[in-house]
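Everything in the sequence shown is counted per the UniProt record's numbering, starting at 1 for the first residue and increasing by one.
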Amino acid sequence: MSCNSGTCQSSCYKDEYSVTDQPPATANYERSNDASLRGGDSNGQNLCIKCKVNETMAATHSAAAAAGGDIGRFCADCFRNNLFGKFRFAVTSNAMITPSDKVLVAFSGGSSSRVALQFVHEMQQKAQKNFDASRDRSLPVFGVGVAYINESIIFPAASNDLNQAVNDMELIVSSLAPPEKQFFVVPTQNIYSPDCAVGKNQLTELVAAVSDATGKEDLLEHLRMLSLQKIASENGYTKIVLGTCTSRIASHVLEATVKGQGFSLAADIQYVDARWETPVVLPLRDCLSEELNTLCSLDSLKTIEVLQQPRSGINGLISSFVQLLQKDNPSRESTILRTAGKLTPFHFNRIPEDGHDNGHSASQRRQRKYNLKPNESLPPKSFCFICNSPLKKSSNTSLDGFENGGTSAGLYTAACSSCQYQILPKDPSSLEYFYSLLPKSMADLENDSRNNHNISVLLDLAQKMQWPAAGSRIKGD
Ligand SMILES: [Zn+2]
Ligand SMILES: [Zn+2]
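Below, the structure written as structure tokens:
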């Protein structure tokens, strides 16, 4: 909660969107809109469904008209307020940002993270104004940094393109001042060591050791998170803000289901993910990618498309499938998220309550209000050593398709089934080599999760069992 909105504004906002009996804020939000939607229909003109005064964006902006859904039925001002409102509601009701925080915004150059950056900046700017205006200056203004993870070693871009893109990002970040924001451009290989050459070799070999297109993409996503965590911990950041939106989460829900990650899915789709050293927050969880794209074009927020990678393998198939569903019915993505939102979250899906600040009380209120009962039974150290997904303790059921499965339970306490199938090498003899290529932070996770078991036990088990056949895997491009 930022100091400015912690007072009047946030509570006004909360009242406005507090419809009880609905678990996630999305549902509240949609419901309050539904009522006005019907009102909007009856006026029979091109008037905004919210203020009923201005013309709709469908009439005034071609981009909004093309976006479909309800976007075009707002006027530009109401659309903007509505979107920022969803962001602010997510932030305040989940205690994502407190005055004492230093938040690191992960910036890829895409429209989602661009909007996340913009909104965090607007919130910070407001907090700064309030600070300057207040007499006692008791509430500090939260700090903001921006991080771009340079993956050019994996996705080689023309160096001109990359330089241009990084310059553009620098301009974007420096234009969002005051308050000034630190900007980090960090290559992925830095997770190994500050010495780029060493890390470069190891990273290239690690990525090359994963033959599956989906596995490769998933591994890179985990590495991205490790990079962000490293930047945050080395520079004193207390939260990491991701631009993950409803559309992205809807795809993730289906991807995780297909990959057999149903048990851990609930962990990934909440507002807060504090399983990491630096908690990760998703303030755009209730915003559609269409809305974020529309805002970028409406407000001329520059995005950097040249570095965006198309998704591949299972992930690619599913994103195009979800896009298709969404085209068919503009509320599909929200419905998928809302349905998956009924899964019980984990104990780490809220900001840890070591709080000296008053931020966490908002989170507690919300927990009570929506009756969220986190899954407390899970031992905190039981996480996949590759993707950090929580692991189910009795994982015998996940041994389907493995011969001699009963004797290899130990192996399965170290990696989730998805990482088993898609990322770990099929040939047990290459497992040691693969393990040696992992960055230390992943190896640490492995040590944590297995307590007294060490890698030699793991390798031993791998030798004794037959590794899964690759028949059921989807090969990517
Ligand atoms: Zn309006
Ligand atoms: Zn995993």
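Backbone N, C-alpha and C fix where the C-beta goes; we use that ideal spot for every residue, glycine too.
Item, Value
"Can you tell me where the alpha helix (DSSP H) with Val262 in it begins and where it stops?", "What sits at residue 262 in the sequence shown is Gly, not Val. Note, Gly262: alpha helix (DSSP H), 262–268."
"Give the single residue among Ser227, His252, Leu220, Arg350 whose Cα lies nearest to the Cα of Glu333.", "His252"
"Judging by CA-CA distance, which residue of Leu117, Tyr148, Val144, Ser93 is the nearest neighbour of Ser100?", "Val144"
"Between Glu234 and Asn315, is the Cβ-Cβ spacing less than 8 Å?", "no"
"Give me the Cα-Cα distance between Asp161 and Cys384, rounded to the nearest whole angstrom.", "36 Å"
"May I ask you to verify whether the stretch 235–250 touches the stretch 279–295, counting CB pairs closer than 8 Å and requiring at least 3?", "yes"
"Applying the criterion that 16 or more other CB atoms from any shown protein chain within 10 Å of the CB defines a buried residue, is residue 478 buried or exposed?", "Outside the shown range of the chain, which is 1 to 477, sits residue 478, and nothing can be said about it."
"Using 8 Å as the cut-off, can you tell me whether the stretch 145–155 makes contact with the stretch 187–206, which would need three or more C-beta pairs spanning the two stretches below that distance?", "yes"
"Using only alpha-carbon positions, find the residue among Phe107, Leu104, Val53, Asp70 that is nearest to Lys327.", "Asp70"
"Whose beta carbon lies closer than 6 Å to any heavy atom of ligand 2, going through the chain in order?", "Cys384, Ile386, Cys387, Ser389, Ala415, Cys416, Ser418, Cys419"
"DSSP on Tyr237, reduced to helix/strand/coil?", "coil"
"Rounded to a whole number of angstroms, what is the C-alpha to C-alpha distance between Phe107 and Tyr433?", "33 Å"
"From Thr238 to Pro352, what distance separates their C-alpha atoms?", "12 Å"
"Relative to ligand 1, what is the chain-ordered list of residues with a Cβ closer than 6 Å to any of its non-hydrogen atoms?", "Cys48, Lys50, Cys51, Asn54, Phe74, Cys75, Asp77, Cys78"
"Please classify Asp268: is it buried, with 16 or more other beta-carbons within 10 angstroms of its beta-carbon, or exposed?", "buried"
"Below 8 Å on the Cβ atoms is my contact criterion, and I expect Lys102 with Phe142 to pass it. Report the Cβ-Cβ distance as a whole number of Å.", "7 Å"
"In or out: Val281 buried (at least 16 other Cβ within 10 Å) or exposed?", "buried"
"Buried or exposed: Gln118, going by 16 or more other Cβ atoms within 10 Å of its Cβ?", "buried"
"Just the Cα atoms here: how many angstroms apart are Met57 and Lys50?", "12 Å"
"Going by other Cβ atoms of all chains shown within 10 Å of its Cβ, with 16 needed for buried, is Asn28 buried or exposed?", "Reliability of the predicted coordinates at Asn28 is poor, the pLDDT of 38 falling under 50, and no value is obtained from them."
"Here's the rule: buried if 16 or more other CB atoms are within 10 angstroms of the residue's CB, otherwise exposed. What is Ile436?", "The identity of residue 436 in the sequence shown is Ser, whereas the question assumes Ile. Looking at its Cβ environment, which holds fewer than 16 other Cβ atoms inside 10 Å, Ser436 is exposed."
"Which residues does DSSP list as the beta-bridge partners of Ile149?", "Val186"
"For Ile154 versus Leu226, is the C-beta distance shorter than 8 Å?", "no"
"Roughly how many whole angstroms lie between the Cα atoms of Phe348 and Arg275?", "5 Å"
"Can you tell which of Ile172, Ala208, Gln124, Ser320 has its C-alpha closest to the C-alpha of Ser300?", "Ile172"
"Should Leu324 be labelled buried (16 or more other beta-carbon atoms within 10 Å of its own) or exposed?", "exposed"
"Considering only residues of the same chain and omitting the five flanking positions on each side of Gly262, which have a CB-CB separation below 8 Å?", "Ala256"
"Give a yes or no on whether 8 Å exceeds the smallest Cβ distance from Gly262 to chain B.", "Looking for chain B here will not work: only one protein chain is present."
"With a Cβ-Cβ cutoff of 8 Å, do Val105 and Val241 count as a contact?", "yes"
"Have a look at Ala95, Glu170, Val207 and flag the residue whose alpha-carbon is nearest the alpha-carbon of Thr303.", "Glu170"
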